[in-house]
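Notes to accompany the following structure.
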Amino acid sequence: MNHDPFIVEPGTKISLQKDFDPSYKAEFHEKADARKKLKAGIKELASYQDILYAQNTYAVLLIFQAMDAAGKDSTIKHVMSGINPQGCQVFSFKAPSDEELDHDYLWRSMKSLPERGRIGIFNRSYYEELLVVRVHRELLEKQQLPYIPNGNKVWEQRFEEINNFEKYLFNNGILVLKFFLNVSKNEQKKRFLDRIESPDKNWKFSPSDVRERAFWDDYMMAYEDVFNHTSTEYAPWYIIPADKKWFTRLVVADIICKKLRELNLQYPVLGEAEKQRLLEAKTVLESETD
Ligand code: ATP
Ligand code: MG
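If you read the sequence shown in our numbering, its first letter stands for residue 4, the second for the next number, and so on.
Below you can see the structure in the form of C-alpha cells.
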C-alpha cells in the first residue's frame with residue numbers, strides 16, 4: 004500500500020481538514036476486501052517481532068493518539084493480536100497522579116519505555132502535554148513548574164523537548180512510530196450514541212467525553228500544530244483515516260510492517276566458540292543412555 008497519503012512529511016505544514024479525509028479507504032470498498040491483507044500483515048508482524056526479540060538490539064515504540072471513540076483500543080487489540088504477549092507491553096496514560104505531578108512530564112513515559120527486543124505501545128502519551136493541557140491551559144498550574152513561559156512559548160518549548168527526547172530514543176535503537184486515528188466529528192457522535200444505546204457498550208461511555216467534544220476545534224488546532232512541529236525523519240507522524248475501523252487497522256499494520264522490514268532485523272549469528280559449545284551439548288545429549 005502506498006503510505007504517502009498518511010505520513011506527515013517532516014518539514015512541511017499540513018492542514019488536517021484539507022489534506023486528510025477521515026473516511027478515505029484507498030482502493031478498498033468494504034471490510035471483506037481488507038480481511039486477507041490484514042491477516043497477512045498481522046502474521047508478518049508476528050514474524051518480525053520474533054526476530055526483534057531474538058536480536059535484542061532494537062525496541063519499537065508505537066504511540067496512539069486520537070479523540071475519544073476513534074478506535075485506539077480496538078486498533079491495538081487487532082493489530083497486535085498475533086504477537087507473543089511476552090514481547091509486547093501496553094501503557095495507557097490518563098490524567099497524571101499526584102506522584103506523577105511531582106516529577107517532570109516525561110518521567111512516567113521514561114519509566115514505561117520498551118526494553119530492547121520489545122514492542123511498547125503508548126495508548127495516549129506525552130503528547131497529551133500539547134493537547135489536553137493546551138486546550139485546558141489551567142492544567143499547567145497543577146504541574147508545579149518553576150516558571151511557565153508566556154503564550155505559545157510554553158508549547159514551542161515542549162515541541163523542542165519532545166523532538167530532542169525522540170532523537171535520543173532513535174539514537175539508542177528505539178524506533179518511534181506515531182499514529183493519529185483521524186475520526187470525523189460526525190462519526191464520533193454516531194459512536195457515542197451507539198455506546199449510550201447498546202447496554203453492553205455503556206461502560207465505554209463517559210459523560211466527560213461529550214464535554215471534551217465541545218472543544219473539538221481547539222483539539223484539532225492543537226493536533227495540527229503538533230503534527231507540524233513534531234513529525235521528523237526519526238519519529239514520523241501518520242494520520243490514519245478512522246471512520247472505517249477495518250481500514251484503520253489495515254493501514255496501521257501495514258505501516259508497522261514496512262518500518263520493521265526497513266530495520267533489516269536479523270537472528271543473532273553464533274560465533275565459532277558458541278557453535279562449538281552447541282556441538283558439545285549435542286554430543287552430551289546423544290550419549291545419554293536412558
Ligand atoms: P477510553 O475512553 O477508550 O477508555 P481513554 O484513553 O480516552 O480511553 P480515559 O480514561 O477516558 O481513557 O481518558 C484519559 C484522559 O486522561 C483523557 O481525557 C486524557 O486527555 C487525559 N490525560 C492523559 N494524559 C494527560 C496529561 N498529561 N495531562 C492531563 N490529562 C491527561
Ligand atoms: Mg476516554
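C-beta atoms are modelled at their ideal positions from N, C-alpha and C, and glycine is treated no differently.
- About 23 Å separates the beta carbons of M70 and D257, which is beyond the 8 Å limit, so they are not a contact pair.
- The three-state reading of DSSP puts P244 in strand, counting E and B together.
- Within the DSSP secondary-structure output, V186 pairs in no beta bridge.
- Rounded to whole angstroms, N205 and N126 show a C-alpha spacing of 21 Å.
- Counted as a single uninterrupted DSSP element, the stretch harbouring L142 is not any beta strand (DSSP E), since DSSP gives it neither H nor E.
- Comparing C-alpha distances from F183 to each of L19, P13, K114, D220 shows the shortest one belongs to L19.
- For D197, the shortest C-beta to heavy atom distance toward the ligand MG is 7 Å or greater.
- Bounds of the alpha helix (DSSP H) holding Q279 are 275-289.
- In the structure shown, V179 falls within a strand segment according to DSSP collapsed to helix, strand and coil.
- For Q92, DSSP records a beta bridge to G123.
- Under a 10 Å Cβ-count criterion, M113 is classified as exposed, with fewer than 16 other Cβ atoms of the shown protein chains found around its own Cβ.
- Distance check between K247 and each of Y61, E102, S77 places S77 closest, using alpha-carbon atoms only.
- For Q58, the enclosing alpha helix (DSSP H) has its first and last residue at 34-58.
- Within the model, the alpha-carbon separation for Q52 versus A62 is close to 10 Å.
- The beta-carbon distance between V254 and I243, rounded to whole angstroms, is 5 Å. This is short enough to meet the 8 Å contact definition.
- The count of Cβ pairs closer than 8 Å, one atom from the stretch 101-113 and one from the stretch 126-135, reaches three, so the stretches are in contact.
- For the ligand MG, a non-hydrogen atom lies closer than 7 Å to the CB of S209.
- By the CB criterion at 8 Å, K40 and G85 fall outside the cutoff.
- If you ignore the 5 residues before and after N231, its C-beta comes within less than 6 Å of the C-beta of K16, all in its own chain and listed in chain order.
- Contact check for P149 and Q160: beta-carbon distance about 13 Å, past the 8 Å limit, so the pair fails to qualify.
- For G154, the number of other beta carbons within 10 angstroms of its own is below 16, and it is reported as exposed.
- N185 has its CB no nearer than 7 Å to any heavy atom of the ligand ATP.
- With respect to P13, P271 sits apart: the two C-beta atoms are not nearer than 8 Å.
- The stretch 209-220 makes no contact with the stretch 90-108; the number of CB pairs closer than 8 Å stays below 3.
- Where Q68 is concerned, the enclosing beta strand (DSSP E) starts and stops at 62-69.
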